[in-house]
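2 protein chains.
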Amino acid sequence: MQILYCNIGNPHSLGQQPVTFFREVLSLCDHPALLDKSETHALYSSDAIERAWQILEKIPGRATGAYSHSQGVKGLRDEIAAGIAARDGFHASGDNIFLTDGASPAVHMMMQLLIRSEKDGILCPLPQYPLYSASIALHGGSFVPYFLDEETGWGLEVDELKKQVDEARSKGITVRALVVINPGNPTGQVLAEENQKKIVEFCKNEGLVLLADEVYQENIYVEDKQFHSFKKIARSMGYTDDDLPLVSFQSVSKGYYGECGKRGGYMEVTGFNADVREQIYKVASVNLCSNISGQILSSLIMNPPKVGDESYESFMVERDGIISSLARRAKALEEAFNSLEGITCNKAEGAMYLFPRLHLPQKAIGAAQAAGAAPDAYYALRLLQATGIVVVPGSGFGQAPGTYHFRCTILPQEDKIPAIISRFKEFHEKFMDEFRDVSRDEAPTGATIESGGD
Amino acid sequence: MQILYCNIGNPHSLGQQPVTFFREVLSLCDHPALLDKSETHALYSSDAIERAWQILEKIPGRATGAYSHSQGVKGLRDEIAAGIAARDGFHASGDNIFLTDGASPAVHMMMQLLIRSEKDGILCPLPQYPLYSASIALHGGSFVPYFLDEETGWGLEVDELKKQVDEARSKGITVRALVVINPGNPTGQVLAEENQKKIVEFCKNEGLVLLADEVYQENIYVEDKQFHSFKKIARSMGYTDDDLPLVSFQSVSKGYYGECGKRGGYMEVTGFNADVREQIYKVASVNLCSNISGQILSSLIMNPPKVGDESYESFMVERDGIISSLARRAKALEEAFNSLEGITCNKAEGAMYLFPRLHLPQKAIGAAQAAGAAPDAYYALRLLQATGIVVVPGSGFGQAPGTYHFRCTILPQEDKIPAIISRFKEFHEKFMDEFRDVSRDEAPTGATIESGGD
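First to last, the sequence lines map onto chains A and B. Position one of the first sequence corresponds to residue 1 (our numbering), numbered consecutively onward. Position one of the second sequence corresponds to residue 1001 (our numbering), numbered consecutively onward.
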């Protein structure tokens, strides 16, 4: 049986092709001797050659094989800052950029700095991408969950944040930071601007560091939503660098590029005093620097080809082709899930995932308990056995007590989606036939986090 | 004034050129579309093209942009294992290889796993590359130093290990592992086979994990010494995977390749039970995987061009040119240091460093104390101010009480060495004239570790 991987946010593993311009530049920077050869023009676009030259000029000694500054090559950080400024309409500085081997190490760095003991808590969404719970556990802190509201499309309500902060504080936890994943993983929602303003206000009032996981900023699939960085929101409210400590995480692994294997990314760090900044730098320097190819690619995604560049049109065809196909896949899967008995599914407004809710029959829950598995894990295992489709049980991300979900990526290539849908439907209908209750009733269980996937 | 960097093991930053074959393969793997084009043969050697094909075939879906298995691409690990087996004459398995973003993250992973509290100690050499002290501090363990014997060429004596282990144990420390850096950083010595056997025996008897930092395995500059991996030594003594937990660290940043910016490397993990192995895997998976270019380069350094390959001769010219030049630079600098009043310097048998001892006049020590600096830091600062030469004070690596050193890399390009030597001599003679005691006397001070460099 063919295994159909819908479990991991790893687009290239499912056949997504790399963006040509980005790979041309990386290829040239890996072998700069090519830049002096006339034959190179037969193989590479002229703007890729030009960009490779520009990048090499930014790297001291043009040495792509040297350790860089521990924050990353200064010229590349400046280019990224210019890209952020162009995106947001507010100033950004290369001095605030820390280039990292993907977003995960950046998150670990911040957790390492924020967590002093188990008395320090970090507010994280439930459901959440389990990088956060893992990192908090690794660094010995307390995971302070807040629930996203499934009924309102995985809404993030400030009342809920306040309730959870107060409750944590009453237990002696010092809540130090709020993690917001926008667009959401595993939940796929895109926050509205007004909502973001309230979140910024909340962090300001409560004295929290805002850790903004914005790695899906270029994965937006609906007309009525746009990505707004939290920094843009904060600046538009008049808050300056002095008002709010804010970290924005970005990665080359997501977006339309999906370059997971390159391990590139950065965090933009604003609103910390010089002492804290120095500590961040110290932690960054422990592993010397992030890989230079990842640094270069980070600069490329924040400064892709522009109108008039030789590659612009073909680049836009590739880019829009990927994004629009992802949007169609998201819609097709969402509609399929919603067409089924016992499944409800919020729209994937962004990111790479759907997180459908399973309204499981009591009999299925009983079968899962008899098998010693969480009900959604039991469902996912049965799905895998019957169809080869791999999804991640909702219990891997945490979910409201008594609810069951699974995360399904929208990443299988578009021509595979109809077969996935029909196999899924066939399985689900049989599953429901096997377990359907005469009168449906859901048994509540505790929210748990077991293990998810990226 | 021109700054002459002799402080960091970062060869490409000082003009060392990348090895052409390695970069050709990386360039092709970054842009696999090139492999189908006939023009590619005009720009790349045929064996690089062939190797790129072979590597892509090892990567599922040929997707160099996908996350790999958290240990690294299996086919690349197998290739590395074959390289280890060819080097050592003993079996190696790809299942035991963990590919990492350079050796530093691998060291951190092991420290994270070994250290449970400040009651767990790790035996480390003094002088030591301060990655170890930093990592132990970060993970909350106890640094248990053992002194290398400068008189015997930075000899590593098992009696000293035993003494330090016993002393640590008497303080309630559980000593869990022994770090050996071979060839030595910052000390440049290459361990003799008999010495290594005693170290293996010691670890076996004391129940210690042997953490073998072998990143300089291809940097050997003397005829009478060879690199022997600790795994080869242990296997040659008849110890199997069941007898001794052993981790060997390797990196693409050192050797003749010196590809620091690629952040590639691996650890070979043998002699742990399945439970521990699973924990290592879990920690490795927290950051998903190491970067694929670094993984590919790790496979290339362990399987470079062979006799008969198109690139073999030019590869060997590049390789031997770098190694023999490094050997000449090491010798020239060592002789220069030893020719000076108040400096003694052991041979750099390997690695990338000299670690000369400064027999400082009492008056210089007094001047340093008046300036609030460690005496060798004071010397290094004066050297920098007078000549632009940057070295790292010995206090950054730890040293025997009452001794002063500095670490000087052998990495400036060969044509720069005479100027460095003459500037250095001129400075040193003036420094001695300024501070020379009528009768020389050294004041003892405590061994300290401040901060070193890679």
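In this text, a Cβ means the ideal position worked out from N, Cα and C, and glycines have one as well.
Roughly how many angstroms lie between the CA atoms of residue 154 of chain A and residue 1071 of chain B, to the nearest whole one? What you label residue 154 of chain A is simply residue 154 of the first sequence in a count that begins at 1. What you label residue 1071 of chain B is simply residue 71 of the second sequence in a count that begins at 1. If you take the alpha carbons of residue 154 of chain A and residue 1071 of chain B, they lie about 35 Å apart.
Anything in the region 168-183 of chain A with a Cβ closer than 9 Å to a Cβ of chain B? List those residues in chain order, please. none
Secondary structure, alpha helix (DSSP H): runs of 4+ residues fully inside the region 302-351 of chain A: 312-338
Using a Cβ cut-off of 8 Å, which residues of the region 133-151 of chain A contact any Cβ in chain B, in chain order? 134, 135, 138
Contact list for residue 30 of chain A against chain B, beta-carbon separation under 7 Å: For this step, residue 30 of chain A is matched to residue 30 along the first sequence. Those are 1023, 1026, 1027, 1030, listed as they occur along chain B.
Of all the CB atoms in chain B, is at least one closer than 8 Å to the CB of residue 405 of chain A? For this step, residue 405 of chain A is matched to residue 405 along the first sequence. No, no contact with chain B.
Interface residues of the region 275-299 of chain A facing chain B [CB-CB below 8 Å]: 286, 287, 288, 289, 290, 291, 292, 293, 294
Please list the terminal residues of the continuous alpha helix (DSSP H) segment that includes residue 200 of chain A. One-based indexing of the first sequence puts residue 200 of chain A at position 200. Counting along the chain, the alpha helix (DSSP H) containing residue 200 of chain A begins and ends at 193-206.
Spell out whether any CB of chain A is found under 8 Å from the CB atom of residue 1259 of chain B. As a position in the second sequence, residue 1259 of chain B is number 259, starting the count at 1. Chain A contact via Cβ: present.
Extract the residue ranges of the alpha helix (DSSP H) inside the region 1124-1153 of chain B, only unbroken runs of 4 or more that lie entirely within it. 1131-1138
Nearest candidate by alpha-carbon position, reference residue 1021 of chain B, set B/1357, B/1385, B/1304: Indexing the second sequence from 1 puts residue 1021 of chain B at position 21. Residue B/1304 is the option with its Cα nearest to residue 1021 of chain B.
Local conformation of residue 435 of chain A per DSSP, three classes: Sequence index remark: in the first sequence, residue 435 of chain A carries index 435 (1-based). Residue 435 of chain A: helix per DSSP, three-state reduction.
Proximity winner among A/341, A/352, A/27, relative to residue 329 of chain A (alpha-carbon distances): The sequence position of residue 329 of chain A within the first sequence is 329, counting from 1. Out of A/341, A/352, A/27, A/352 has the C-alpha closest to the C-alpha of residue 329 of chain A.
List, in order along the chain, the chain A residues whose C-beta lies closer than 9 Å to that of residue 1326 of chain B? If you number the second sequence from 1, residue 1326 of chain B lands on position 326. Result: empty, since nearest Cβ-Cβ is about 16 Å, beyond 9 Å.
Identity of the residues DSSP links to residue 268 of chain A by a beta bridge: The count along the first sequence starts at 1 and reaches residue 268 of chain A at position 268. A/97, A/248.
On the three-pair Cβ rule with 8 Å, is the region 314-324 of chain A touching the region 354-373 of chain A? no
Can you list the alpha helix (DSSP H) stretches of 4 or more residues lying completely in the region 28-107 of chain A, in chain order? 40-43, 46-58, 74-88
Presumed contact (8 Å Cβ cut-off) between residue 27 of chain A and residue 1030 of chain B, rounded CB distance: Against the first sequence, residue 27 of chain A aligns to sequence position 27. Against the second sequence, residue 1030 of chain B aligns to sequence position 30. Contact flag correct, Cβ pair sits at about 4 Å.
Taking C-beta to C-beta, are residue 1432 of chain B and residue 1335 of chain B nearer than 8 Å? Your numbering for residue 1432 of chain B matches position 432 in the second sequence. Your numbering for residue 1335 of chain B matches position 335 in the second sequence. In this structure, residue 1335 of chain B does not lie closer than 8 Å to residue 1432 of chain B by Cβ.
In DSSP terms, what residue 408 of chain A is bridged to: Translated into positions along the first sequence, residue 408 of chain A becomes position 408. Residue 408 of chain A is bridged to A/354.
Span of the alpha helix (DSSP H), counted from its first residue to its last, around residue 1159 of chain B: On the second sequence, residue 1159 of chain B is found 159 positions in, with the first residue counted as 1. Residue 1159 of chain B -> alpha helix (DSSP H) spans 1158-1170.
Leaving out five residues before and five after residue 12 of chain A in sequence, what residues of the same chain have Cβ atoms less than 8 Å from its Cβ? Numbered from 1 along the first sequence, position 12 holds the residue referred to as residue 12 of chain A. The residues are 18, 258, 259, 260, 261.
Under 8 Å Cβ-Cβ, which residues of chain B neighbour residue 34 of chain A? Numbered from its first residue, the first sequence carries residue 34 of chain A at position 34. What residue 34 of chain A touches in chain B: 1027, 1043.
Using 8 Å for Cβ pairs, my map puts residue 173 of chain A next to residue 133 of chain A. What's the rounded Cβ distance? The residue given as residue 173 of chain A occupies position 173 in the first sequence. The residue given as residue 133 of chain A occupies position 133 in the first sequence. Between residue 133 of chain A and residue 173 of chain A the Cβ distance is about 15 Å, and since that is not below 8 Å, they are no contact.
Could you confirm whether any beta carbon from chain B is found closer than 8 Å to the beta carbon of residue 263 of chain A? Within the first sequence, numbered from 1, the residue matching residue 263 of chain A stands at position 263. Yes, because at least one Cβ of chain B sits closer than 8 Å to the Cβ of residue 263 of chain A.
Looking only at DSSP bridge pairs, what is residue 393 of chain A linked to? In the first sequence, counting from the first residue as 1, residue 393 of chain A sits at position 393. Residue 393 of chain A is bridged to A/406.
Taking the alpha-carbon positions, what's the residue 195 of chain A to residue 1122 of chain B distance? Residue 195 of chain A sits at position 195 when you count from the first residue of the first sequence. Residue 1122 of chain B sits at position 122 when you count from the first residue of the second sequence. Answer to the nearest angstrom: the Cα atoms are 50 Å apart.
Could you check if residue 1164 of chain B is buried or exposed, using at least 16 other CB atoms within 10 Å of its CB as the buried criterion? By one-based count along the second sequence, residue 1164 of chain B stands at place 164. It is buried - the Cβ of residue 1164 of chain B has at least 16 other Cβ atoms within 10 Å.
Where the region 1049-1067 of chain B meets chain A: residues whose CB sits under 8 Å from a CB there: 1060, 1061, 1063, 1064, 1065, 1066, 1067
Environment of residue 1240 of chain B [buried if 16+ CB atoms lie within 10 Å]: On the second sequence, position 240 is the one that residue 1240 of chain B refers to. Classification of residue 1240 of chain B: exposed, given that the 10 Å Cβ count is below 16.
Rounded to a whole number of angstroms, what is the C-alpha to C-alpha distance between residue 47 of chain A and residue 313 of chain A? Locating residue 47 of chain A in the first sequence gives position 47, where the first residue counts as 1. Locating residue 313 of chain A in the first sequence gives position 313, where the first residue counts as 1. Whole-angstrom Cα-Cα distance: 12 Å.
Would you decide whether residue 1376 of chain B is buried or exposed? Buried here means 16 or more other CB atoms lie within 10 Å of its CB. Counting from one through the second sequence, the residue named residue 1376 of chain B turns up at place 376. By the neighbour-count rule (16 or more Cβ atoms within 10 Å), residue 1376 of chain B is buried.
Per the contact definition of three or more C-beta pairs closer than 8 Å, is the region 1081-1096 of chain B in contact with the region 260-276 of chain A? no
Candidates B/1400, B/1079, B/1183, of which the one nearest residue 1151 of chain B by Cα: Counted from its first residue, the second sequence places residue 1151 of chain B at position 151. Checked all of B/1400, B/1079, B/1183; the closest Cα to residue 1151 of chain B is B/1400.
Let me make sure I understand the geometry here. Which of B/1411, B/1429, B/1197, B/1415 has the alpha-carbon closest to that of residue 952 of chain B? The requested residue 952 of chain B is not part of the displayed model; chain B covers only 1001 to 1454.
Rounded straight-line distance, which links the Cα of residue 1228 of chain B to that of residue 1397 of chain B: Within the second sequence, numbered from 1, the residue matching residue 1397 of chain B stands at position 397. Within the second sequence, numbered from 1, the residue matching residue 1228 of chain B stands at position 228. Roughly 25 Å between the two C-alpha positions.
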